[in-house]
Amino acid sequence: MSAPTATPSLPRSERAWSRRAVRLAEAATTPLLPADYLDLFAPLRPGAALRGRIVEVVPETADAATLVIKPGSDWAGHLPGQYVRVGVDVDGVRQWRAYSLTHGARRDGHLSITVKAVPDGVVSTYLVREAKPGTLVHLEQAAGDFVLPGEGGKFLMVTAGSGITPVIGMLRNLFPSTAQGVLRPARSSAYDIVVLHVAPSEPDSIFLRDLQALDAAGAIRLVARYDDTHGVLDVDSLTDLVPDLAERVTFACGPAGLLDALEAHHDEAGLALQTEKFRVSRVAVGEGGSVSFAQSGTTVDADGGTPILDAAEEAGVLMPSGCRMGVCFGCVLPLTEGAVRDLRNGEVTVATPGDNVIVQTCINAAAGPCEFDH
Amino acid sequence: MTVMQKKADNPIAHLTSADIEQLGRELDAIRQSILDTRGADDAAYIRKVIATQRYLELGSRAVLLFSIFPPAWLVGTAGLGVAKILENMEIGHNVLHGQWDWMRDPKIHSTTWEWDNATPAEQWKHSHNELHHTYTNVIGKDNDLGYGIMRVDEDQPWTPAALGQVGYNFVNMMFFEYGIAAYDLELRGNLARGGTKDPKFKENARKVVRKIRRQATKDYVVHPLLALPTGSFLPTLAANAVANVIRNVWSHSVIMCGHFPEGVETFEKRSIDGETKGEWYVRQMLGSANISGSKLMHIMTGNLSHQIEHHLFPDLPSNRYAEIAPQVQALFEKYGLTYCARPLVPQVYSAWHKVVRLSLPNGWLETTSVKNLPSQLKLLYGMVKGGPRVRRAAQARMVQQARKAREAKAAAAPVAEERAAA
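Going down the list, the sequences are from chains S and E. Residue numbers for the first sequence follow this note's numbering, beginning at 366 and rising by one. Residue numbers for the second sequence follow this note's numbering, beginning at 101 and rising by one.
What follows is the structure, encoded as structure tokens:
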């Protein structure tokens, strides 16, 4: 390898020329960018915003499908088990969701995600039932380090409460759960997985039923511990529940208290541990709530009948504002997480992390805790 | 025109405040019906318009590379003019209103859009979305009324400067985008009260200069240079200039039709103190005028031909205004209000007629005939030379004369009819 330079293939004078060409193209297209015109012809070219084109929709079961997507030239690749955020326009509105990528690199350079249509799932229902080959979708680069090694192995998954979600994603991709039952494809035979699920009491959830189905099919071994029947889990008793704990790599996802206890336990025992902080993907919608402004570091308690703009100004936050009646869009701010309710017609807008939904603060009130990038 | 509250026949005198609130609820229901059905078709519409505009601009600019040939010049110039109109009207104006924000597409969003116009989007959004759309037609609050350079209402005192307003309006029409930029900067007011030293003003002025420089470099340097190899430098430069003027004249004319024609009401400043949502709706209804016409007319005006619907619901997607227009018109009828709509030519004529009429003192046109023209001109000259008191007195006399003449005519009319019948 020679000494690393930024663009070693081009001599200095050519670089200067290409810079000049770019500047000229920009001067010819202002106030737009050359990319805005190139996107008309080649949306997947190098340098374009990252997109993909659906090349195939393979129905797996009555309610699940695998989408094969040709990513744009700048797709940087991924590790099995990472997830990719996909943006699709459903009823004209751009919606982003994360889907796990469990396969390795494919020969054709495409990527595939398996989606199960969940009840009331706007995006999953669209992808399974309506998405057509040829449709452009928006992508982000693959992300996530809660990744199962591609070559398989012995693992313990400790999940608590909603911490079950990413693990379910992994397991579903290893062992697709279909209307005909749990599939155990050859690629998954190298994985020996025990799931220890912890909850205050036995929940009535589709996820738990999934785990039970996986257990019944012999794909995993499920150990469920409920505080009300079994008492609060003591991490020191892990080896009683999982006798071959020492041979396993532990993946844990849940609230900070549990993760801290596990870390201490595994450190002492010299065991491998990978953790993922509990992520709430479902936003609780209510009446009013605490509104926090990330940049100014202020938190305001707002009731369900007061516009966020008024509540924030009352508390001394310097806010952009305009007509104060929902007309001028001079007060808009990105809602990074939480829910707000339009005081004119009661419509609720929800944002999960990464969404950055831009909302009018003068006619929206807090509908639960929410956070703004301001 | 006189501010509505001073009129003898106030057009909303017959409405109780309960009526007005009920009207507001009915308008809210119309808005909600569009929100409930807004979706993939609307998104496809705006994306199609944007793609069409970009293909048209690319194609026209490609043709202009050969604009040394007159047919190419004509086709390219016309295409570029239409592309610029689409970009400003159906796309830029409406995107900057937040009409498409609901799509959550960062590339078609009021917070990220920049348009092919001298004024930076940020400054225009403040003066247009916030000031004009909130204070529509309130004398002294809505500077869109005459852009601060014209006398647009009988109640404004006549000054000799008004005599020039036909000329100002014509110049403003030809160079409209620069007029808007100056207007968004509140350049005239800032010059008058020495606000040009204000750091905020300086910052905004720098942004305008930068924007104008970029725009001018594109239209008058880069594209003509690209056409140089075919010897089309000057024709391309001329084509860009003409296309900009076409766009300026068109957008100025459409915008004049929105609030200037005869029959559109203006409002007193204190009439909006404590205004309810229903009253705000009524002000938008009476303060706007529509242009009737074909689907093509609506697209080329950016659906500002549905100015009334646009002012009631500035954030609804423009392609849906046509659909709600009959419902809105039915509400006008139900509540006994006048829906001001005319085809383009009469509406433009009406707006210009008002500019001419108000350039002269109240009553002057009415009391002037060929016979008394010399004496009327002498009177006008006296008003130009005289002070405010002279002007007020002379105008009062003319208004009285005009009223008497109207009354005499009204009294004589039945007699004339009887004669005709006999």
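We treat Cβ as the ideally placed atom computed from N, Cα and C, and that holds for glycine.
Listed from N- to C-terminal order along the chain, which residues in the region 442 to 470 of chain S have their beta-carbon within a distance smaller than 7 Å of any beta-carbon of chain E? 454, 456, 457, 458, 459
Quick check on residue 190 of chain E: buried or exposed, where buried means 16 or more other Cβ atoms within 10 Å of its Cβ? In the second sequence, residue 190 of chain E corresponds to position 90, counting from 1. The residue is buried, with at least 16 neighbouring Cβ atoms inside 10 Å.
How many angstroms separate the CA atom of residue 177 of chain E from the CA atom of residue 449 of chain E? The residue given as residue 177 of chain E occupies position 77 in the second sequence. The residue given as residue 449 of chain E occupies position 349 in the second sequence. Answer to the nearest angstrom: the Cα atoms are 27 Å apart.
State yes or no: is the beta carbon of residue 336 of chain E nearer than 9 Å to at least one beta carbon in chain A? In summary, chain A is missing from the structure at hand, where the protein chains are S and E.
Which residues in chain E have a C-beta closer than 8 Å to the C-beta of residue 688 of chain S? List them in chain order. Numbered from 1 along the first sequence, position 323 holds the residue referred to as residue 688 of chain S. Near residue 688 of chain S (Cβ distances below 8 Å), the residues of chain E are 229, 230, 233, 234.
Assigned exposure category for residue 406 of chain S - 16 Cβ within 10 Å defines buried: Numbered from 1 along the first sequence, position 41 holds the residue referred to as residue 406 of chain S. Under this definition residue 406 of chain S is an exposed residue.
Quick check on the DSSP output: what are the complete alpha helix (DSSP H) runs of length 4 or more inside the region 442 to 490 of chain E, in order along the chain? 444 to 459, 473 to 485
Skipping 5 residues on each side, what residues in its chain have a beta carbon closer than 7 Å to that of residue 548 of chain S? Residue numbering aside, residue 548 of chain S sits at position 183 when the first sequence is read from its first letter. Result list for residue 548 of chain S: 540, 541, in chain order.
Along the region 412 to 423 of chain E, where does the CB come closer than 8 Å to a CB of chain S? Name the residues. 414, 415
Closer than 9 Å to chain E by CB, residue 729 of chain S: One-based indexing of the first sequence puts residue 729 of chain S at position 364. No, its Cβ sits nowhere closer than 9 Å to a Cβ of chain E.
Could you check the C-alpha separation between residue 523 of chain S and residue 415 of chain S for me, to the nearest Å? Indexing the first sequence from 1 puts residue 523 of chain S at position 158. Indexing the first sequence from 1 puts residue 415 of chain S at position 50. The straight-line gap from Cα to Cα measures roughly 34 Å.
Counting only C-beta atoms, is residue 308 of chain E closer than 9 Å to chain S at any point? To locate residue 308 of chain E, count along the second sequence from 1; it is residue 208. It does not; no Cβ of chain S falls within 9 Å.
Is residue 239 of chain E helix, strand or coil by DSSP? Taking the first residue of the second sequence as 1, we reach residue 239 of chain E at position 139. Residue 239 of chain E: coil per DSSP, three-state reduction.
Any Cβ of chain S within less than 9 Å of the Cβ of residue 139 of chain E? Taking the first residue of the second sequence as position 1, residue 139 of chain E is located at position 39. So, interface residue.
Cβ-based neighbour list, residue 678 of chain S, same chain, cut-off 8 Å, excluding 5 preceding and 5 following: Indexing the first sequence from 1 puts residue 678 of chain S at position 313. Here the set comprises 684, 686.
Could you spell out where the alpha helix (DSSP H) holding residue 324 of chain E opens and where it closes? The count along the second sequence starts at 1 and reaches residue 324 of chain E at position 224. Residue 324 of chain E -> alpha helix (DSSP H) spans 323 to 326.
So which of S:628, S:731, S:429 has the shortest CA-CA distance to residue 537 of chain S? Position 172 of the first sequence holds residue 537 of chain S. Taking only the C-alpha atoms, the option nearest residue 537 of chain S is S:429.
Residue 274 of chain E, enclosing alpha helix (DSSP H) - first and last residue: For the purposes of this step, residue 274 of chain E is taken as the residue at position 174 of the second sequence. Note, residue 274 of chain E: alpha helix (DSSP H), 265 to 274.
Using CA coordinates, which residue listed in E:339, E:182, E:151 is at the minimum distance from residue 347 of chain E? Start at 1 with the first residue of the second sequence, and residue 347 of chain E comes out as number 247. Among E:339, E:182, E:151, the Cα nearest to that of residue 347 of chain E is on E:182.
Pairs of beta-carbons, one from the region 718 to 730 of chain S and one from the region 695 to 704 of chain S, closer than 8 Å: are there three or more? yes
For residue 434 of chain E, count neighbouring C-beta atoms within 10 Å of its own C-beta (all shown protein chains included) and say buried if the count is 16 or more, exposed if not. If you number the second sequence from 1, residue 434 of chain E lands on position 334. Exposed, because fewer than 16 other Cβ atoms sit within 10 Å of the Cβ of residue 434 of chain E.
Under a CB-based cut-off of 9 Å, is residue 347 of chain E close to chain S? Within the second sequence, numbered from 1, the residue matching residue 347 of chain E stands at position 247. It does not: the Cβ of residue 347 of chain E has no partner Cβ on chain S nearer than 9 Å.
Residue from S:701, S:519, S:425, S:640 whose Cα sits closest to the Cα of residue 586 of chain S: Along the first sequence, read from residue 1 onward, the residue named residue 586 of chain S stands at position 221. It is S:519.
I need the boundaries of the alpha helix (DSSP H) containing residue 402 of chain S, first residue and last residue. The residue given as residue 402 of chain S occupies position 37 in the first sequence. From DSSP, the alpha helix (DSSP H) with residue 402 of chain S extends over 399 to 406.
Contact list for residue 132 of chain E against chain S, beta-carbon separation under 8 Å: Position 32 of the second sequence, counting from 1, holds the residue named residue 132 of chain E. Near residue 132 of chain E (Cβ distances below 8 Å), the residues of chain S are 710.
Endpoints, alpha helix (DSSP H) assigned at residue 428 of chain E: As a working mapping, residue 428 of chain E is identified with position 328 in the second sequence. Its alpha helix (DSSP H) spans residues 421 to 434.
Alpha carbon to alpha carbon, how far is residue 668 of chain S from residue 682 of chain S? Taking the first residue of the first sequence as 1, we reach residue 668 of chain S at position 303. Taking the first residue of the first sequence as 1, we reach residue 682 of chain S at position 317. Those two C-alpha atoms are separated by around 16 Å.
What does residue 693 of chain S reach in chain E if we use C-beta pairs closer than 7 Å? Here residue 693 of chain S refers to the residue found at position 328 of the first sequence. In chain order: 229, 230, 233, 234.
In the structure shown, what three-state DSSP assignment does residue 742 of chain S receive? Because chain S spans 366 through 739 in this model, residue 742 of chain S falls outside it and cannot be assessed.
For the 8 Å Cβ check, are there 3 or more pairs between the region 475 to 483 of chain S and the region 431 to 449 of chain S? yes
In its own chain, which residues sit with a C-beta less than 6 Å from the C-beta of residue 350 of chain E, not counting the 5 before and 5 after it? Here the question's residue 350 of chain E lines up with position 250 in the second sequence. Result list for residue 350 of chain E: 185, in chain order.
Length of the line joining the Cα atoms of residue 480 of chain E and residue 359 of chain E: Along the second sequence, one-based indexing puts residue 480 of chain E at 380. Along the second sequence, one-based indexing puts residue 359 of chain E at 259. Distance between the alpha carbons of residue 480 of chain E and residue 359 of chain E is about 28 Å.
Buried or exposed for residue 485 of chain S, going by 16 or more other Cβ atoms inside 10 Å? Within the first sequence, the letter at position 120 stands for residue 485 of chain S. Exposed: under 16 other Cβ atoms inside 10 Å.
Give a yes or no on whether 9 Å exceeds the smallest Cβ distance from residue 210 of chain E to chain S. If you number the second sequence from 1, residue 210 of chain E lands on position 110. Yes, its Cβ sits closer than 9 Å to a Cβ of chain S.
According to a CB-to-CB cut-off of less than 9 Å, which residues of the region 393 to 416 of chain S neighbour chain E? 393, 394, 395, 396, 397, 401, 402, 404, 405, 414
Give me whichever residues DSSP pairs with residue 697 of chain S in a beta bridge. Your numbering for residue 697 of chain S matches position 332 in the first sequence. DSSP lists S:725 as partners of residue 697 of chain S.
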